Structure formats: structure tokens, C-alpha cells
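Report on the structure given below.
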Amino acid sequence: MRRRFRPSAGGTALLLRFGHILPVVLLVVSVVAYITAIGRYDRFLFAVPALAAATWRGRSTAAFGAAAMVASAVLAAGRDESFASVTLVNQIALATVTAASVWVSRLRQARERDLRQVRAVAETVQRVVLRPLPPRLGQVDLHLLYHASAEHARVGGDFYKALRVGPSVRLMIGDVQGRGLPAVEMAALLAGSFRENAYAAADLPELAARLERSIDRYTARTGDTSTVADRFATVLLAEIPDDAPVVRLLSLGHPPPLIQHGDTTRPVEFARHSPPLNLPGLNAPEHLVEEVPFAPGDRLLAFTDGITESRDAAGVFYPLEERLRDWHREPAELILSALREDLTAHSGGGPDDDMTAILVVRRPSVPTWDRTTPTPPVNLRHRAAADSAPARP
Numbered sequence: 002m003r004r005r006f007r008p009s010a011g012g013t014a015l016l017l018r019f020g021h022i023l024p025v026v027l028l029v030v031s032v033v034a035y036i037t038a039i040g041r042y043d044r045f046l047f048a049v050p051a052l053a054a055a056t057w058r059g060r061s062t063a064a065f066g067a068a069a070m071v072a073s074a075v076l077a078a079g080r081d082e083s084f085a086s087v088t089l090v091n092q093i094a095l096a097t098v099t100a101a102s103v104w105v106s107r108l109r110q111a112r113e114r115d116l117r118q119v120r121a122v123a124e125t126v127q128r129v130v131l132r133p134l135p136p137r138l139g140q141v142d143l144h145l146l147y148h149a150s151a152e153h154a155r156v157g158g159d160f161y162k163a164l165r166v167g168p169s170v171r172l173m174i175g176d177v178q179g180r181g182l183p184a185v186e187m188a189a190l191l192a193g194s195f196r197e198n199a200y201a202a203a204d205l206p207e208l209a210a211r212l213e214r215s216i217d218r219y220t221a222r223t224g225d226t227s228t229v230a231d232r233f234a235t236v237l238l239a240e241i242p243d244d245a246p247v248v249r250l251l252s253l254g255h256p257p258p259l260i261q262h263g264d265t266t267r268p269v270e271f272a273r274h275s276p277p278l279n280l281p282g283l284n285a286p287e288h289l290v291e292e293v294p295f296a297p298g299d300r301l302l303a304f305t306d307g308i309t310e311s312r313d314a315a316g317v318f319y320p321l322e323e324r325l326r327d328w329h330r331e332p333a334e335l336i337l338s339a340l341r342e343d344l345t346a347h348s349g350g351g352p353d354d355d356m357t358a359i360l361v362v363r364r365p366s367v368p369t370w371d372r373t374t375p376t377p378p379v380n381l382r383h384r385a386a387a388d389s390a391p392a393r394p
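With this note's numbering applied, the sequence shown covers 2 to 394.
In C-alpha cells:
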């Protein structure tokens, strides 16, 4: 596996740490500069409470303001000018700045509390709309990488879902045009529609048609209050039956997934892509399903274009197929964490688009009784041992 990189510390955290010490530094430098006769920098004391308001609480901001007032009075006492008049004006000005800074600090704290509540709601929305994939369904193991591009967002325009439907696993991954709350609205709609229709649809073409109809019903019901009608979504549908070493795929304008068999990695070649969902005038009368071999031990990587369209400083796209080929000997549970770190290194910080990847691994076949019983029954083990023992003369 290629050398992996860990993302560097966030710039926001660095700015917060710098903001905490800046009022202290400014207070000390202003006093020291004046005492050592470097210059009249005591005027910068007025900025001390204002800077403290950006990162400190109200009481701490008031303390910084009081310290600046004391320092100003002490420095004024040593100047060759009317102490009373100048000091009084400075003290009134500093008191005014301090009071305003305390008010700003408390207002900032209130906004931060509101933001924490909004984030808590967003996390709840994510758990409802985009639940984590189960680690195992039927004959496959599932691994997920999900990243929303919006800062502090937990849900973006990418969506996914995987369900156990009879003797098979049905999976969906998709990407809504655009970003922000309008994209989240459509992503939530399609995730819910898949969860409802995956059990009822006889095959993938019918499931795709049901997803399209769910968008039509939603836009008809909500009218102008919804932005769903103005957006389209690319979707990849997959079906992995238990009784056949294949995977059935239907692409609705979505990037083709990568299939990995041993040390061979290749994209799935579709004879025809159906148009994306909710793209007026391009709805196909029938959808074409691609069936490709998917034997035990094979891997399938489905992803959104936020991964393959990630660029480095020179504008080079991320070489996903090459990376997956290099990692073919690595354990499946490490692939997506390596992918996240490698993407961070490639883009020089972090992706600026939503990105989702689902790694599907077909587990080795097991005897029928082993699917429900973790170990062979005791009498079968004893019988097998007796049958394999050499006959006594």
C-alpha cells in the first residue's frame, strides 16, 4: 500500500488558539514598549477587550478590559501631562470599549449555543436519513466512506442505502446535483423511497421506475415549496444474489463502479447508461441491467464523482483505479480509511465536494448449515471424526 498521510490540524483550531493568547500578548507588549521607551504603544490597550471578545467569555473579557484600564492609569501617572484629564478620558473610553466587548462576547456565546443545537439536529437528521451501513448483509461485507462538503455538515447531496431483500442484497448509491439544503432534501427523498420500494420491486428496472415516480409524486404534492423539481440525481443500483456469483448493476447516469478480482481491477463496462433521475425529456422507456461476475473474495467499489473529480495543486484528478489496484492485497477494512487519507493528501487539505464510497466484499461460500450455526453440531463433528479414523484390524 502506498504511504498514507494524516490530515494536518484544522486552520480553525489554530486561529482559536492564537485568538486566546492575542489579548494577553497585546497587553504585555503595550506596557513593556512604553516602559522601555520604545514608543507610545499604550493606545493599543483599547484593542485588548475587543480582541478578547472574539474568543473569551464575557467575564474574562471584562477582566481583560479592567486590566487594560489599570495599565492605562499606571502608565498615565508617569507621563508629563495632566494626569487627571487625560486619564479620565482614557478610562471612560476603555470602559465603553470593555462594555461593548462584553456584550459582543455574550452575543457570540449565544450564537455558539444555537449553532451547537443546530449541529445536534443535523446529527439526528443524519442518523434518520443516512444510517450507517450494517457491516454485513447476506453474503457480503459492507464498508462505508462518507463526507459532506459543507463545513460542519453531517449530511450532503450524496446518499446511500443497503437492504437485505429476500435471498439477495440490494444497494443504492447516488449523488444529487448541487449542494446545500436543496440537495439534502432530494437525497432524503430518494433514500426513503429506496427503503420503501426495494422490497416491493421485482427487479432493478422496476425499482428505478419507482424511484422516478416517487420524485414526481413529491414535487406534485409540495409544488413551489420544494426545490426537488429543479434538480436531478445520478444513481447506481446493485443487486447481489446469494445463489449466484454475480452482481447485477443498473446505472442512472452514475460513474461505473470498480470490480476487483485478485490483482485485477477494472471499471464495469455498461452497454448503456440510463439517464439520471428527474431529468426532463430523457427518461428511458426501459432500463438495461448489467450482470458481471462477482465471486467469493471479489470486491466492488461504488463511489460518487466527488472522489474521482478531486484535484491536486496541478489540476490532476485523483487516480482511484490506480490506487485500488495498488491496495489489492490490503484488508478490506483498511481500504476506505486509506482512501480518505490519500484523498486529503492529494487535494492538499480536504475535498471540496461531497464524497461517498461503498466497498462491497463477497464473503467465501460456507456450508448451508454454517449460515445459521456458528460451528458444526457436536454429533456431526463426532461422526466426521469417526468416519475419518482408520479401521481397526
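Glycine residues also receive a C-beta, built at the ideal position from the N, C-alpha and C atoms.
Values in this document were obtained by computation on a predicted structure and should not be read as measured data.
A245 counts as exposed, since fewer than 16 other C-beta atoms from the protein chains shown sit within 10 angstroms of its C-beta. Under the three-state reduction of DSSP, L46 is assigned to helix. Look at R364 here: in three-state DSSP terms it is coil, with no helix or strand label. Here A184 has G158, V177 as same chain residues with Cβ atoms under 6 Å from its own Cβ, once five neighbours each way along the sequence are excluded.
About 5 Å separates the beta carbons of R363 and D299, which is inside the 8 Å limit, making them a contact pair. A straight line joining the alpha-carbon of A74 with that of S102 spans about 20 Å. By the criterion of a C-beta distance shorter than 8 Å, S348 is surrounded in its chain by S311, R312, D313, Y319, once the five residues flanking it on both sides are discounted. The beta carbons of S169 and D243 sit about 6 Å from each other, so the pair counts as a contact at 8 Å. With fewer than three CB-CB distances shorter than 8 Å, the segment 216-223 does not count as touching the segment 249-261.
Under the 8 Å Cβ criterion, the segment 62-70 counts as touching the segment 90-98, having at least three qualifying pairs. Assigned with DSSP and collapsed to three states, T345 falls in helix.
A residue is called buried once 16 or more other Cβ atoms fall within 10 Å of its Cβ, and Q140 is buried on that count. The C-beta separation of H255 from L237 comes to about 4 Å, placing the pair in contact by the 8 Å criterion.
Only residues of its own chain outside the window of five on either side were considered, and among them Y319, L321, L344, M356, A358 have a CB closer than 7 Å to the CB of I308, listed in chain order. Beta bridge pairing from DSSP links V177 with A234. If you look at R249, you'll find it isn't in any alpha helix (DSSP H); it sits in the beta strand (DSSP E) that goes 247-253.
Annotation note: the segment 76-125 contains no uninterrupted beta strand (DSSP E) run of length 3 or greater. Counted as a single uninterrupted DSSP element, the beta strand (DSSP E) harbouring L146 occupies residues 141-148. The three-state reading of DSSP puts T305 in coil, since its state is none of H, G, I, E or B.
For P206, the enclosing alpha helix (DSSP H) stretches over residues 205-223.
Assignment of Y200 by DSSP, reduced to helix, strand and coil, places it in the coil class.
Per DSSP, the continuous alpha helix (DSSP H) segment holding R324 begins and ends at 321-327.
For F160, the uninterrupted beta strand (DSSP E) segment begins and ends at 159-166. Contact between R341 and L146 holds, with the beta-carbon distance rounding to 6 Å and staying under 8 Å. When rounded, the separation of the alpha-carbon atoms in A77 and T88 is 6 Å. The criterion of a C-beta distance shorter than 7 Å is not satisfied by L164 and A209. For F318, the beta-bridge partners assigned by DSSP are R312.
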